[in-house]
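Quick note, the sequences are listed as chains A and B, same order. The opening position of the first sequence corresponds to residue 1 in the working numbering, with each subsequent residue numbered one higher. The opening position of the second sequence corresponds to residue 1001 in the working numbering, with each subsequent residue numbered one higher. Some notes on the structure that comes next.
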Amino acid sequence: MLKTVIAGALMAAGLAAAGEPVLVTGAGATFPFPLYSRWFADYDKVRPDVRFNYQSIGSGGGIQQITAGTVDFGASDAPLTDEQLGRIPDVVHVPTVLGAVVLTYNAPMPSLRLTPEIVAGIYLGRIARWDDAAIAAANPGVALPAEDIAVVHRSDGSGTTNIFTNYLSKVSPEWKEKVGFATSVRWPTGLGGKGNEGVTGLVKQTPGAIGYVELAYAKQNGLPMAALRNHDGRFVAPTIASTSEAAAGVEMPADYRVSITDARGPGAYPIASFTYLLVHRDARDPVRGEAMIRFLWWAIHQGQAAAAPLDYAPLPRAVVERVERTLRALTVQGRPVSLAPAR
Amino acid sequence: MAASLARLPTAAPSPRRSRRAGDRLWSVGLVAAGGAILLVAGLVILVLGRAAAPAFHALGVGRFLAGQDWDPVSGAFGALPFIYGTLVTSAVAILVALPVAVGLSLFLAEMGPPRLRPPVAFAIETLASIPSVIYGLWGLFVLVPWVRTTVEPLLGRLLGWLPLFTGPRIGLGYLSAGLILAVMILPTIAAVTQEVLRSIPPALKEGALALGATRWEMIRIAVLPTARAGILGATLLGLGRALGETMAVTMVIGNAPEIHASLFAAGYSLPAVIANEFAEATSPLHLSALAALALVLLGVTLVLNSAARVLVLLTSRRLGEAS
Chain A
1 MLKTVIAGAL
11 MAAGLAAAGE
21 PVLVTGAGAT
31 FPFPLYSRWF
41 ADYDKVRPDV
51 RFNYQSIGSG
61 GGIQQITAGT
71 VDFGASDAPL
81 TDEQLGRIPD
91 VVHVPTVLGA
101 VVLTYNAPMP
111 SLRLTPEIVA
121 GIYLGRIARW
131 DDAAIAAANP
141 GVALPAEDIA
151 VVHRSDGSGT
161 TNIFTNYLSK
171 VSPEWKEKVG
181 FATSVRWPTG
191 LGGKGNEGVT
201 GLVKQTPGAI
211 GYVELAYAKQ
221 NGLPMAALRN
231 HDGRFVAPTI
241 ASTSEAAAGV
251 EMPADYRVSI
261 TDARGPGAYP
271 IASFTYLLVH
281 RDARDPVRGE
291 AMIRFLWWAI
301 HQGQAAAAPL
311 DYAPLPRAVV
321 ERVERTLRAL
331 TVQGRPVSLA
341 PAR
Chain B
1001 MAASLARLPT
1011 AAPSPRRSRR
1021 AGDRLWSVGL
1031 VAAGGAILLV
1041 AGLVILVLGR
1051 AAAPAFHALG
1061 VGRFLAGQDW
1071 DPVSGAFGAL
1081 PFIYGTLVTS
1091 AVAILVALPV
1101 AVGLSLFLAE
1111 MGPPRLRPPV
1121 AFAIETLASI
1131 PSVIYGLWGL
1141 FVLVPWVRTT
1151 VEPLLGRLLG
1161 WLPLFTGPRI
1171 GLGYLSAGLI
1181 LAVMILPTIA
1191 AVTQEVLRSI
1201 PPALKEGALA
1211 LGATRWEMIR
1221 IAVLPTARAG
1231 ILGATLLGLG
1241 RALGETMAVT
1251 MVIGNAPEIH
1261 ASLFAAGYSL
1271 PAVIANEFAE
1281 ATSPLHLSAL
1291 AALALVLLGV
1301 TLVLNSAARV
1311 LVLLTSRRLG
1321 EAS
């Protein structure tokens, strides 16, 4: 390992003008930004000659920037659509970590279990009260308040909304037909809060409210979270482990463009998603291109240890092995980069 | 200015000619400064127009402006709920802020003890300098619960027969957004109104008092009519801020692209939807529709500004005829 690092450092030092750091620029998703900035700081100890400049302007902005060719890498919470990929066919998705979306609520229940039908019913406006028969059936022995449900969603376009509506589209044909999924949708009911903090604010101060936020945000703020019935029919609480497990039970296409909501697996939490870095299959700039590939290699191995403490779910072993093959296939001006075998 | 220019090698040696050259340079500079404003405004419109063109082309200008549907998934975009929300919240803000601002200014300029003026003036300036995101947070955590538990039940009981004050009381909505805008534009209106009141010639007021007017009558017959055009101008400044306010509004308006007669209902505003959806908008039509909304916002501001200018002009002309 050390040898590779030294060799890599020497090579980069030889390529770059002496003492001149390599500056790799990227832009995109805000959701993984805390982890990425941690990675950039940690990687600075491994390769002090490589600097990263990452602008967390949102997934949409990241896709635009890499399409326009103004950045070395983009970042997106959702895989590119066929239309987007058609404009930049040489871009490769590299999954980095996983995130989950949880349902938080403001009602005096110590715990709450929800089925896909209930979640879709609430967000379609069909289930309007907490003491609805469907909720009672899923929560035997829990005293449900005789209160109206106040539905809260994100008002700003976000990857979180994309994942959540993608889940609803999978579990509810009615949702799929009426609303669909995207970073912003036309909500059948409810109020919009800006960002995770806006949704949380509304949920906290509106009695009977329910809203969806990122797992990391909910954990850090100690919010109550509902357990969801997954594809295998088991109620699963949102945790780092159950999020990672959602990625393990999915048949992965070669380009990783897969939705892992409503995934199979007894312990899989159903509203989970990869977040991706977008890089060119063949880098144009030899120095920055190689630095980026080596960083990605580091990120899917050593970098994964930093994920859980920041409440992101690390990639399962099987996915890491696949990403290794993907990274080995990346080239810099037509030449592959020699990467150390996994430990 | 002329003296320093005279030392420039390009300037002619004679002091008279150098002054003329300096004057010319000065006027060129002024024209450039004035032209720059027009150029920037023109470029803004040009760039927005180009970005918005695909949306107008695909949806039709009329259908875009009058459409009530905003569905990024199916590509249906209508601006009406946002135009409506922007106008309603700004109207509420002006209706609430204007009387308070005028009363406050009269108190400070005419009635109140002079010793009270500095602290009150300082408080107004502080209000003006609070960042809008702070207003938004305060609105979400203090104003909205208060509106839900106190203001809306009270209005519903007293004026519930009006369609304006009906429906479920959730706190978030046009009313809260209008109220927070009122607080935000109050300092602007009050500061300008005070200056206007101070600039009224004392002879007018003394004349009214000499004719036996009470203080209130003096304000009514001498102060307010003279200051009307100025107060309108102050309101215009406040309106400009209300129309464009983004952060504070989006945090309390509820962000639902719908049109409701009731002020209790949740709505949306033009700047709020642009700020909310721009960063994550990925389809070209969605982006273009957001640019078109920006153009609409510019248009709304322009129309209201022009209307207010005409109003100021009419008011001052009538005043001129009267005197």
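The beta carbon of each residue, even a glycine, is placed where N, CA and C say it ideally should be.
Asked, Found
"Give the secondary structure of W1138 of chain B by DSSP, where H, G and I count as helix, E and B as strand, and everything else as coil.", "helix"
"Report back the beta-carbon spacing between A248 of chain A and G265 of chain A to the nearest angstrom; my notes put them in contact at under 8 Å.", "6 Å"
"Closer than 8 Å by beta-carbon distance: list the chain A residues that pair up with I1170 of chain B, in chain order.", "A150, L191, T206"
"I need the straight-line Cα distance from A133 of chain A to V102 of chain A, nearest angstrom please.", "22 Å"
"Do V1044 of chain B and the ligand GDP come close, with the Cβ less than 7 Å from some heavy atom?", "Inclusion of the ligand GDP in the displayed structure is not the case, the ligand content being empty and no account of it being possible."
"Going residue by residue through the segment 1250-1315 of chain B, where are the continuous alpha helix (DSSP H) segments of at least 4 residues, counting only ones entirely within it?", "1270-1277"
"Does W1146 of chain B get closer than 8 Å to chain A when you measure Cβ to Cβ?", "no"
"Pull up the distance between the alpha-carbon of G1035 of chain B and that of L1298 of chain B, whole angstroms please.", "20 Å"
"Under DSSP, the beta strand (DSSP E) around S184 of chain A begins and ends at which residues?", "Run containing S184 of chain A: none; DSSP gives neither H nor E here."
"Can you check DSSP and say which residues form a bridge with N53 of chain A?", "A:T25"
"Spell out the partners DSSP gives Y105 of chain A in its beta bridges.", "A:I210"
"Return no unless some Cβ of chain A is closer than 8 Å to the Cβ of M1111 of chain B.", "no"
"Mind listing the chain A neighbours of W1070 of chain B? Cutoff is C-beta to C-beta under 9 Å, in chain order.", "S184, R186"
"What did DSSP end up calling D44 of chain A once you bin it into helix, strand or coil?", "helix"
"Please report the straight-line C-alpha distance between G289 of chain A and D72 of chain A, rounded to a whole angstrom.", "8 Å"
"Taking 8 Å as the threshold, find out whether the segment 1082-1092 of chain B comes into contact with the segment 202-222 of chain A through three or more Cβ pairs.", "no"
"If we call anything under 8 Å between Cβ atoms a contact, is S348 of chain A one with T30 of chain A?", "Because chain A here runs from 1 to 343, residue 348 of chain A falls outside it and cannot be looked at."
"Which chain A residues are close to A1266 of chain B, counting only those with a beta carbon under 7 Å from its beta carbon?", "L191"
"May I ask you to list the residues that DSSP assigns as paired with S1199 of chain B?", "BP columns for S1199 of chain B are empty, so no partner."
"Would you decide whether L1116 of chain B is buried or exposed? Buried here means 16 or more other CB atoms lie within 10 Å of its CB.", "exposed"
"So what does DSSP say about V332 of chain A, is it helix, strand or coil?", "strand"
"Give me the Cα-Cα distance between V213 of chain A and A313 of chain A, rounded to the nearest whole angstrom.", "15 Å"
"Taking T1226 of chain B as the reference, which of B:L1211, B:Q1194, B:L1236 has the closest Cα?", "B:Q1194"
"Can the beta-carbon of S158 of chain A be found less than 8 Å from the beta-carbon of T189 of chain A?", "no"
"For G1254 of chain B, which residues in chain A fall below 7 Å Cβ to Cβ?", "L191, G192"
"What residue does the alpha helix (DSSP H) around G60 of chain A start on, and which one ends it?", "59-68"
"Which partner residues of Y276 of chain A appear in the DSSP bridge assignment?", "A:S76, A:P95"
"Quick check: what's the CA-CA separation for E1152 of chain B versus N196 of chain A?", "27 Å"
"Whose C-alpha, out of A:N162, A:S273, A:I149, is nearest the C-alpha of P108 of chain A?", "A:I149"
"Can you round the beta-carbon distance between A100 of chain A and I118 of chain A to whole angstroms, since I take them to be within the 8 Å contact cut?", "Going by Cβ atoms, the distance from A100 of chain A to I118 of chain A rounds to 18 Å, so no, they are not a contact pair."
"Just checking, does the segment 1140-1147 of chain B make contact with the segment 1175-1192 of chain B on the three C-beta pairs under 8 Å criterion?", "yes"
"Taking the beta strand (DSSP E) that G289 of chain A falls in, what are its first and last residues?", "Here G289 of chain A belongs to no beta strand (DSSP E); instead the alpha helix (DSSP H) covers 286-300."
"Against G157 of chain A, what residues of chain B qualify as contacts under a CB-to-CB distance less than 7 Å, listed in chain order?", "N1276, E1277, A1279, E1280, A1281"
"Along the chain, where does the alpha helix (DSSP H) containing D142 of chain A start, and where does it finish?", "Just to set this straight, residue 142 of chain A is Val in the shown sequence, not Asp. Taken as a continuous stretch (DSSP letters only), V142 of chain A belongs to no alpha helix (DSSP H), as it is neither H nor E."
"Looking at L330 of chain A: is its Cβ nearer than 8 Å to the Cβ of V91 of chain A?", "no"
"Measuring alpha carbon to alpha carbon, tell me which residue in A:H301, A:S259, A:D42 is nearest T81 of chain A.", "A:S259"
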